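Colleague: In this note's numbering, the protein residues as written are 282 to 684. Heads up, the beta-carbon is just placed ideally off N, CA and C, and yes, glycines get one too. These numbers were taken from a predicted model, which means no experiment stands behind them.
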């Protein structure tokens, strides 16, 4: 009795264990199925982040936190003026078309010198006075010619009256007429002589005393850049320029261009000029003249640029760097050189694709100038490229790929 009873108890226990095992397996399967259903939407959601942009786990995609965003700067790309250019060096020079060298019109002593080098002058300002015997002689001749004219007019009037009353001959009248014409011509001659000396004869109020002083005036607005005389110095027409005036509101920049690049030149072509004094400022320039010969030693030709200089910052003698934009380069996109990096011979940049999302983009570029590259493929106008913080993005991308 004992043995059968124990056997029944053993069988019942085995059945209970089997039932428990089956229940555990079913629960495990149910839990597993529930887990799969819950994870599937999560996978789909991650694949659709950033409104259709690259997935967060996609290669080349980087997500930045708020603090990390502060270390990144972006630049919107837009079409710029032609960026293909030729680099030249040159110097700032006076615009010879806006200069005046004042020579002494007559011999005399310099008096009342009113300007020094660096002074600003206006047109018709008196720079100095010449005390000259030539001027005294000219004014004396002018006074004498007027007296002769007055006498000739009186003689003609009297002779004409006598002729009308048959008290003078026709020969006498003709002689009086001739003397009047000669006197008038003499007045005109002496007036022109005074005008050559810079003096204005007064027809209505004739001078009554001899004048020996002649004011020397500037014919243009500008700056005194040279003065070679002092008060009391005797000068004459054989002297060189006494005072030189230059209008510095416009200057020339003279550069040298290689023979092979002459085909790119055209009058009026645009250029940028920079100087060591103002390295961040670009002064707009235009080609105004191309040299007629090529130097046999350097194989370069002279090219002149006209540059507006209203504030006078460009000083003649300054060294200048010139970026001559090619006439046929057209508009283009440029990016900062520091925004671009190379891996395995391929060129990349990071483009902003969401508020905190950035994607690596392969691009093609050519050198534009020292600081920028011209993009020929891979990025379009209106996109935002990372200009600062590229190293941070590359580091985060590398860490993401290693996980």
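Would you report the Cα separation of residue 686 and residue 357, rounded to the nearest angstrom?
Modeller: Residue 686 is absent from the model: the chain starts at 282 and stops at 684.
Colleague: Residues bridged to residue 281 by DSSP?
Modeller: As shown, the chain starts at 282 and ends at 684. That puts residue 281 outside it, with no answer to give.
Colleague: Nearest to residue 627 by CA position, among 642, 616, 637, is which residue?
Modeller: Residue mapping note: residue 627 aligns to position 346 of the chain shown, counting from 1. The candidate whose alpha carbon is nearest that of residue 627 is 642.
Colleague: With DSSP collapsed to three states, give me the class of residue 382.
Modeller: For the purposes of this step, residue 382 is taken as the residue at position 101 of the chain shown. In the structure shown, residue 382 sits in a strand (DSSP, three-state: E or B).
Colleague: Can you tell me the Cα-Cα spacing of residue 601 and residue 503, whole angstroms?
Modeller: The count along the chain shown starts at 1 and reaches residue 601 at position 320. The count along the chain shown starts at 1 and reaches residue 503 at position 222. Spanning the two alpha carbons is a distance of roughly 23 angstroms.
Colleague: With a threshold of 16 other CB atoms inside 10 Å of the CB of residue 550, please say whether the residue is buried or exposed.
Modeller: Taking the chain shown and counting its residues from 1, one reaches residue 550 at position 269. Counting Cβ neighbours within 10 Å, residue 550 comes out buried, since at least 16 surround it.
Colleague: Run through the DSSP bridge pairs and tell me what residue 602 is partnered with.
Modeller: The residue labelled residue 602 in the question sits at position 321 within the chain shown. According to DSSP, which records beta bridges pairwise, residue 602 is partnered with 370, 555.
Colleague: By Cβ distance, which residues of its chain are closer than 8 angstroms to residue 637, with the 5 residues on each side in sequence left out?
Modeller: Taking the first residue of the chain shown as position 1, residue 637 is located at position 356. The residues are 344, 345, 346, 347, 350.
Colleague: At which residues does the alpha helix (DSSP H) containing residue 685 begin and terminate?
Modeller: Any question about residue 685 goes unanswered here, given that the chain covers just 282 to 684.
Colleague: Using the three-state DSSP reduction, which class does residue 422 fall into: helix, strand or coil?
Modeller: The sequence position of residue 422 within the chain shown is 141, counting from 1. Correct three-state label for residue 422: helix.
Colleague: Measuring only the C-alpha atoms, how far is residue 505 from residue 499?
Modeller: Along the chain shown, one-based indexing puts residue 505 at 224. Along the chain shown, one-based indexing puts residue 499 at 218. So the alpha carbons of these two residues sit roughly 10 angstroms apart.
Colleague: Taking the beta carbon of residue 239 as the centre, do at least 16 other beta carbons fall within 10 Å, making it buried, or is it exposed?
Modeller: Residue 239 lies beyond the residue range present for the chain, which begins at 282 and ends at 684; the question has no answer from this structure.
Colleague: Comparing C-alpha positions only, which one of 598, 639, 568 sits nearest to residue 557?
Modeller: As a position in the chain shown, residue 557 is number 276, starting the count at 1. Nearest of 598, 639, 568 to residue 557, Cα basis: 598.
Colleague: Consult DSSP for residue 452 and reduce its assignment to one of helix, strand or coil.
Modeller: For the purposes of this step, residue 452 is identified with residue 171 of the chain shown, where counting begins at 1. If DSSP states are grouped into helix, strand and coil, residue 452 belongs with the helices.
Colleague: Between the stretch 382-397 and the stretch 657-677, do three or more beta carbon pairs fall short of 8 angstroms?
Modeller: Touching, no, given that fewer than three Cβ pairs across the two stretches are closer than 8 angstroms.
Colleague: Contact between the stretch 423-435 and the stretch 467-477 is defined here as three or more beta-carbon pairs at a separation below 8 angstroms; is this criterion met?
Modeller: Touching, per the Cβ criterion.
Colleague: Just how far apart, CA to CA, sit residue 403 and residue 366?
Modeller: The residue given as residue 403 occupies position 122 in the chain shown. The residue given as residue 366 occupies position 85 in the chain shown. So the alpha carbons of these two residues sit roughly 39 angstroms apart.
Colleague: Pair every Cβ in the stretch 370-383 with every Cβ in the stretch 519-537, then say whether three or more of these pairs are closer than 8 angstroms.
Modeller: Flag = yes, the stretch 370-383 and the stretch 519-537 touch.
Colleague: Check the Cβ-Cβ distances between residue 659 and every residue of chain D, and say whether any is below 8 angstroms.
Modeller: No chain D is present in this structure, which holds just one protein chain.
Colleague: In chain order, what residues of the same chain lie with their CB nearer than 6 angstroms to the CB of residue 471, ignoring the 5 residues before and after it?
Modeller: Your numbering for residue 471 matches position 190 in the chain shown. Once the five neighbours on either side are set aside, the close Cβ partners of residue 471 are 422, 423, 426.
Colleague: In the DSSP output, what is residue 562 paired with across the bridge?
Modeller: Within the chain shown, numbered from 1, the residue matching residue 562 stands at position 281. None; residue 562 has no bridge partner.
Colleague: Going by CA-CA distance only, name the one from 593, 646, 674 that's closest to residue 632.
Modeller: As a working note, residue 632 is residue 351 in the chain shown. Cα-wise, what sits closest to residue 632 is 674.
Colleague: How many Å lie between residue 595 and residue 371 at the Cα?
Modeller: Against the chain shown, residue 595 aligns to sequence position 314. Against the chain shown, residue 371 aligns to sequence position 90. Distance between the alpha carbons of residue 595 and residue 371: 13 angstroms.
Colleague: Using 10 angstroms around the beta-carbon of residue 401, count the other beta-carbons present and answer buried if the total reaches 16, otherwise exposed.
Modeller: Here residue 401 corresponds to residue number 120 of the chain shown, with the count starting at 1. Flag for residue 401 reads exposed.
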